[in-house]
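Q: Sequence lines, in order, name chains A and B. Residues in the first sequence are numbered from 724 upward in steps of one, following the working numbering. Residues in the second sequence are numbered from 55 upward in steps of one, following the working numbering.
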Amino acid sequence: MSHTNQSQRATHPTAWLMIALSLVFLGLFLIVPLIAVFSEALKGGVGAFLSAIDEPETMAAIRLTLLVAVIAVPLNAIFGVAAAWVIAKYQFRGKNLLLTLIDLPLAVSPVISGFLFVLLFGSQGLLGPWLAEHDLKIIFAVPGIVLATVFVTFPYVARELIPAMQSLGNDEEEAAISLGANGWQTFYRVTLPNIKWGLLYGVILCNARAMGEFGAVSVVSGHIRGLTNTIPLQVEILYNEYNFVAAFSVATLLAILAIVTLIVKSIMEWKAERQTIEQEPDMIVRAYETGGSIHGH
Amino acid sequence: MKKQTWLTWILAGSLAITAGCSASDSSQGGTTSGQSVELLNVSYDPTRELYQEYNESFAAYWKEKKGQQVTIKQSHGGSGKQSRSVIDGLEADVVTLALAYDIDALAKKEIIPQNWQTRLEQKSSPYTSTIVFLVRKGNPKGIKDWDDLIKDDVQVITPNPKTSGGARWNYLAAWGYAKEKYKGDESKAQEFVQTLYKHVPVLDSGARGSTTTFVEREIGDVLLAWENEAFLAVNEIGKEKVEIVVPSVSILAEPPVTVVDKVVDKKGTREVAEEYLKYLYTETGQEIAAKNYYRPRLASVAKKYEARFPKIKLFTIEEVAGSWQEAQQTHFADGGIFDKIYSP
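#1: Curious, which full-length alpha helix (DSSP H) runs of at least 4 residues does the stretch 314-393 of chain B contain?
#2: With H, G and I counted as helix, E and B as strand and the rest as coil, what does DSSP make of A/F815?
#3: Since I believe B/L278 is in contact with B/V210 (beta carbons under 8 Å), could you give me their beta-carbon distance rounded to a whole number of angstroms?
#4: Measure how close the beta-carbons of A/G803 and A/A881 come, nearest whole angstrom, since I'm counting them as under 8 Å.
#5: Using a beta-carbon distance cut-off of less than 7 Å, what residues from the stretch 132-144 of chain B approach chain A?
#6: Can you have a look at A/S941 and say buried or exposed, based on whether 16 or more other CB atoms are within 10 angstroms of its CB?
#7: Chain B beta carbons: is any one of them nearer than 7 Å to that of A/F863?
#8: Anyone know if the C-beta pair for A/V791 and A/I868 falls short of 7 Å?
#9: B/P194: buried (16+ other C-beta within 10 angstroms of its C-beta) or exposed?
#10: Would you call B/N214 buried or exposed, if buried means 16 or more other Cβ atoms sit within 10 Å of its Cβ?
#11: So, do the stretch 902-912 of chain A and the stretch 947-954 of chain A have three or more beta carbon pairs nearer to each other than 8 Å?
#12: Is the beta carbon of B/A154 less than 7 Å from the beta carbon of B/G220?
#13: Cβ atoms of B/R351 and B/Q171: under 7 Å apart, would you say?
#14: Are B/K242 and B/Y251 closer than 7 Å when you measure CB to CB?
#15: Using a Cβ-Cβ distance cut-off of 7 Å, determine whether A/L846 contacts chain B.
#16: Between A/Y924, A/L820, A/V873, which has its C-alpha nearest A/T984's C-alpha?
#17: Check whether the Cβ of A/L950 lies closer than 7 Å to any Cβ atom in chain B.
#18: Since A/L850 sits in a beta bridge, which residues does DSSP pair it with?
#19: Check this for me: beta carbons of B/T101 and B/V311, under 7 Å apart or not?
#20: Counting only Cβ-Cβ distances shorter than 9 Å, please list the residues of the stretch 825-841 of chain A near chain B, keeping chain order.
#21: What are the residues of the stretch 962-974 of chain A that lie near chain B, defined by any Cβ-Cβ distance shorter than 7 Å?
#22: Taking a cut of 7 Å between CB atoms, which residues from the stretch 926-954 of chain A lie near chain B?
#23: Between B/Y98, B/L203, B/A284, B/V296, which lies nearest to B/P364 when the distance is taken from Cα to Cα?
#24: In whole angstroms, what is the alpha-carbon distance linking B/I49 and B/G292?
#25: Less than 7 Å between CB atoms is the rule here; does B/K235 satisfy it with respect to chain A?
#26: Using a Cβ cut-off of 7 Å (strictly closer), state whether B/K365 contacts chain A.
#27: Put A/E964 into one of helix, strand or coil per three-state DSSP.
#28: Can you tell me which residues form a DSSP beta bridge with B/V149?
#29: So with CB distances below 8 Å, who are the chain A contacts of B/Q128?
#30: Alpha carbon to alpha carbon, how far is B/I185 from B/G390? Give it in angstroms, no decimals.
#31: For B/R173, tell me which candidate among B/W378, B/V96, B/E329 has the shortest Cα-Cα distance.
#32: With a Cβ-Cβ cutoff of 7 Å, do A/A764 and A/T975 count as a contact?
#33: Under three-state DSSP, which class holds A/V693?
#34: Select from the stretch 149-180 of chain B all residues with a C-beta closer than 9 Å to any C-beta belonging to chain A, and list them in chain order.
#35: Using the beta-carbon of each residue, which ones in chain A are nearer than 7 Å to B/R102?
#36: What does the alpha-carbon distance come out to for the pair B/S78 and A/L789?
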């Protein structure tokens, strides 16, 4: 197989200029800050770096961030698959509205998302008095932070899956059902294997955002030390306390998360590409076989 | 395809953890149980170091007195923002804010009684502070007093009085100086303050933000700062970079404290919360305040730390503006004097 649709080789001077421009831009806005974060963090040596992270309040922030991600990411994975499934496979009234709503958290400033929850669950808010009566705490506590994170990160999985599912079409599922598979079996054995790379990538993006979210979480957190501060909030606190080594050390955790996300993303794209190449002949055979069996009945 | 199985495991695993976590969530929260009690102190930015030390001391004191373990959680932020959070439901047992106006806001919402400020001595301010100048090492612009701030080539760093408590003290300190200088002529005072704010290149939203702008980003020639914040900056950043300049007169800043009645009555923490604030007035409490560069009220401690705090002629908020309510009305409310004189 030869790839004839590749873009032409860059020889034109304008092309070189564009490449140089992008590289300079990337260097200035990504590489240099990244190096700065790591060099600031390691200023006092590895020992100082480790002891800066091994502080009770910082450890609490790390635990809270992990807890929030562990709740928010699976919820959004389930929601994302369901939403993408419905949007890609069915026609119904209000489909465009649903699509727009899924994009809403990306369009709204995270700070506004945070205030939305304060307006809803705060003591002066809509549900505030009822919550107080039943002694339920939402904002300025872990549930509020989880809610804000879920809200901010819910488009990621769905957005990743919708185009993948749309391009796959309904044929394989229809074939499975006609062969007697029930809904769950169809999903588990046909749909899931087809979308798994897209799903995983969506989950990873969602996770990166969930752990890194600052604005929305800052509004609903209440900033109680050792209790409602996530990693990004803890970085700000440490920085404001003139504790620069600690601030940058904790910041490297988020930077590492970003790097890991990128690496996993590249691996996945590579695997997904290989999978489609491998599957192509296989799929034709399968389509032929299933087609045959349909005709046979 | 066997690979599906690990996907299932991940899914099942995370669901199980989720269920476990949400179950444990409901069990946390600060309520009294015989052996231990938890308090939340919602405070403003520059008190971090003060309460870190004070909380330890109080916990030891309470343990000895009542045999009960007390853990004090801290939340810090801009004074006005913190007050807003308590109104919105942040369950503070005590608030220790930058100015009385922000605690009045709680009284307005009936979270605490109207007479809160009379419940403790000294208008409920166990320690005081003032506003001083922080300049670059060697004071290259020769800044000595308020008048020097409006010299042509001087850039002044101060936060936004609309959002920051410290900034309101800064503003009123300048106002008080001008009022005294021009023998009470308000229009001339306004002119002075207007010129001063023309020298401000950036208004941060909080006191710590301004300190960072001045010290880290190295913007401006002089920072108007809380005295304790200025000392902290000198100690943390180094004497070789910045130094403190004490003006001829400044304002007596009285950061007040109070128990949040609605919360302590609900949680049953009134006794320990009230004791927590009273302990601030004791010799130990005052000493910790002085060590963290807050001016103590207690004469004996004040004497001991005399050398630490430069003598400045201080005027009170009442002398400058009548009261915080009036100051807010005339100066900082929408359409007030600050809106008239400041255009970014």
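Glycine included, C-beta positions come from ideal geometry on N, C-alpha and C.
A: The short version:
#1: 315-321, 324-332, 337-345, 353-358, 371-375, 378-381
#2: Counted from its first residue, the first sequence places residue 815 of chain A at position 92. Reduced to three states, the DSSP call for A/F815 is coil.
#3: Reading the second sequence from its first residue, position 156 is the one you call residue 210 of chain B. Reading the second sequence from its first residue, position 224 is the one you call residue 278 of chain B. That pair is a contact at about 7 Å.
#4: Here residue 803 of chain A refers to the residue found at position 80 of the first sequence. Here residue 881 of chain A refers to the residue found at position 158 of the first sequence. With 8 Å as the limit, A/G803 and A/A881 qualify as a contact, their Cβ atoms being about 4 Å apart.
#5: S139, I141, D142, G143, L144
#6: Reading the first sequence from its first residue, position 218 is the one you call residue 941 of chain A. With 16 or more Cβ atoms within 10 Å of its Cβ, A/S941 is classed as buried.
#7: As a working note, residue 863 of chain A is residue 140 in the first sequence. Output row for A/F863: interface = yes.
#8: Numbered from its first residue, the first sequence carries residue 791 of chain A at position 68. Numbered from its first residue, the first sequence carries residue 868 of chain A at position 145. The answer is yes: Cβ separation under 7 Å.
#9: Taking the first residue of the second sequence as 1, we reach residue 194 of chain B at position 140. By the 10 Å Cβ count, B/P194 comes out exposed.
#10: Counting from one through the second sequence, the residue named residue 214 of chain B turns up at place 160. Under this definition B/N214 is a buried residue.
#11: no
#12: Numbered from 1 along the second sequence, position 100 holds the residue referred to as residue 154 of chain B. Numbered from 1 along the second sequence, position 166 holds the residue referred to as residue 220 of chain B. No, these two residues do not count as a Cβ contact at 7 Å.
#13: Along the second sequence, read from residue 1 onward, the residue named residue 171 of chain B stands at position 117. Along the second sequence, read from residue 1 onward, the residue named residue 351 of chain B stands at position 297. The answer is no: Cβ separation not under 7 Å.
#14: By 1-based counting over the second sequence, the position of residue 242 of chain B is 188. By 1-based counting over the second sequence, the position of residue 251 of chain B is 197. Result no, Cβ atoms of B/K242 and B/Y251 do not sit closer than 7 Å.
#15: As a first step, residue 846 of chain A is located in the first sequence; it is residue number 123 there, counting from the start. Reading the sequence as shown, one finds Ser at residue 846 of chain A and not Leu. Taking Cβ atoms only, chain B reaches closer than 7 Å to A/S846, which makes this a yes.
#16: Counting from one through the first sequence, the residue named residue 984 of chain A turns up at place 261. Considering only alpha carbons, the answer is A/Y924.
#17: Numbered from its first residue, the first sequence carries residue 950 of chain A at position 227. Judged by the 7 Å Cβ criterion, A/L950 is in contact with chain B.
#18: Residue 850 of chain A sits at position 127 when you count from the first residue of the first sequence. Beta-bridge pairing links A/L850 to no other residue.
#19: Against the second sequence, residue 101 of chain B aligns to sequence position 47. Against the second sequence, residue 311 of chain B aligns to sequence position 257. No, the Cβ-Cβ distance between B/T101 and B/V311 is not below 7 Å.
#20: V841
#21: N963, E964, Y965
#22: G945, H946, I947, R948, G949, L950
#23: Here residue 364 of chain B refers to the residue found at position 310 when the second sequence is read from its first residue. Of the candidates B/Y98, B/L203, B/A284, B/V296, the one whose C-alpha sits nearest the C-alpha of B/P364 is B/A284.
#24: Chain B is shown from 55 up to 398; residue 49 of chain B falls before or after that span and cannot be answered.
#25: Taking the first residue of the second sequence as 1, we reach residue 235 of chain B at position 181. No, no contact with chain A.
#26: Reading the second sequence from its first residue, position 311 is the one you call residue 365 of chain B. Answer no: the Cβ-Cβ gap between B/K365 and chain A never drops below 7 Å.
#27: Here the question's residue 964 of chain A lines up with position 241 in the first sequence. A/E964 falls in the coil class under three-state DSSP.
#28: Indexing the second sequence from 1 puts residue 149 of chain B at position 95. B/V149 pairs with B/V96, B/T312.
#29: For this step, residue 128 of chain B is matched to residue 74 along the second sequence. The contacting residues are I947, R948.
#30: Residue mapping note: residue 390 of chain B aligns to position 336 of the second sequence, counting from 1. Residue mapping note: residue 185 of chain B aligns to position 131 of the second sequence, counting from 1. Spanning the two alpha carbons is a distance of roughly 22 Å.
#31: Working through the second sequence from its first residue, we reach residue 173 of chain B at position 119. Looking at the Cα atoms, B/E329 is the closest of the given residues.
#32: Locating residue 764 of chain A in the first sequence gives position 41, where the first residue counts as 1. Locating residue 975 of chain A in the first sequence gives position 252, where the first residue counts as 1. Yes. Within cutoff.
#33: Shown here, chain A extends from 724 to 1020; a query on residue 693 of chain A therefore has no answer.
#34: K163, I165
#35: Looking up residue 102 of chain B in the second sequence gives position 48. Near B/R102 (Cβ distances below 7 Å), the residues of chain A are E964.
#36: To locate residue 78 of chain B, count along the second sequence from 1; it is residue 24. To locate residue 789 of chain A, count along the first sequence from 1; it is residue 66. Bear in mind that a pLDDT of 42 at B/S78, under 50, signals an unreliable position, so the number given afterwards is only what the model happens to contain. Using only the alpha carbons, I get a separation of about 15 Å.
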